[in-house]
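Asker: Numbering (my numbering), first residue to last: 146 to 262.
Positions of the beta carbon are idealized from the N, C-alpha and C atoms, including for glycine.
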């Protein structure tokens, strides 16, 4: 039995695209604070889950984007709210120059301890 081979040719001298596809993060989730969490005035570590090697940023109340640091398998942002109220937090993640993947918006309430203004 003879094997049949077909010769592969390029149609109309078209070249194939050899650029690698941009890799997008598969997830970006704000773990803490949880939705409607009560956060004390002062330092709070926002914890974000995303893929290892991603560049992760966070924005509070639709403000500027700030880079997060990677540690212990998560991404962290050291937040220092200086007044009470309701805040909205959103995170985003990116690999290289790919597109950003954005988290759901998370809201929390910063509470001021009694006796502090």
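Would you report the Cα separation of residue 207 and residue 242, rounded to the nearest angstrom?
Answerer: Using only the alpha carbons, I get a separation of about 22 Å.
Asker: Alpha carbon to alpha carbon, how far is residue 254 from residue 215? Give it in angstroms, no decimals.
Answerer: Each residue's Cα considered, the two are about 25 Å apart.
Asker: Going by the C-beta, is residue 213 closer than 8 Å to any heavy atom of the ligand ADP?
Answerer: Absence of the ligand ADP is noted for the structure shown, with no ligands found whatsoever.
Asker: Please say whether residue 179 and residue 251 have beta carbons closer to each other than 9 Å?
Answerer: Yes, Cβ-Cβ distance for residue 251 and residue 179 is below 9 Å.
Asker: Here's the rule I'm using: 16 or more other beta-carbon atoms within 10 Å means buried, otherwise exposed. How should residue 212 be labelled?
Answerer: Answer is exposed; the Cβ neighbour count stays below 16.
Asker: Residue 224 and residue 188 - do their beta-carbons sit closer together than 9 Å?
Answerer: It is a contact, given that the beta carbons lie within the stated cut-off.
Asker: Based on the DSSP output, what are the partners of residue 200 in its beta bridges?
Answerer: The partner list for residue 200 (beta bridge, DSSP) reads 239.
Asker: Using 8 Å for Cβ pairs, my map puts residue 192 next to residue 219. What's the rounded Cβ distance?
Answerer: Indeed, because the Cβ distance is near 5 Å, the residues count as touching under 8 Å.
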